[in-house]
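Colleague:
Numbering (this note's numbering), first residue to last: 2 to 64.
(1) Could you give the distance in angstroms between the alpha-carbon of residue 52 and the alpha-carbon of residue 61?
(2) What is the DSSP secondary structure of residue 22, counted as helix, strand or coil?
(3) Is residue 2 helix, strand or coil when you go by DSSP?
(4) Going by beta-carbon coordinates alone, are residue 33 and residue 25 separated by less than 8 angstroms?
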């Protein structure tokens with residue numbers, strides 16, 4: 002866990018970096034959003050597979 006002083010230092014360093022390199026913030030936000038979307042898609046795929054597995058016999062009976 003980071004101390005309050007470490008967080009303040011990190012925050013100031015990030016601010017300076019973003020002021021000097023505007024594209025850094027955009028890149029970071031894009032990476033975070035891409036990771037979030039990927040995680041949600043993976044969660045959905047797992048849920049979908051689990052439901053198909055769970056109802057496999059029912060689907061076969063209906064076919």
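Glycine residues also receive a C-beta, built at the ideal position from the N, C-alpha and C atoms.
Modeller: Taking the geometry as given:
(1) 14 angstroms
(2) coil
(3) coil
(4) no
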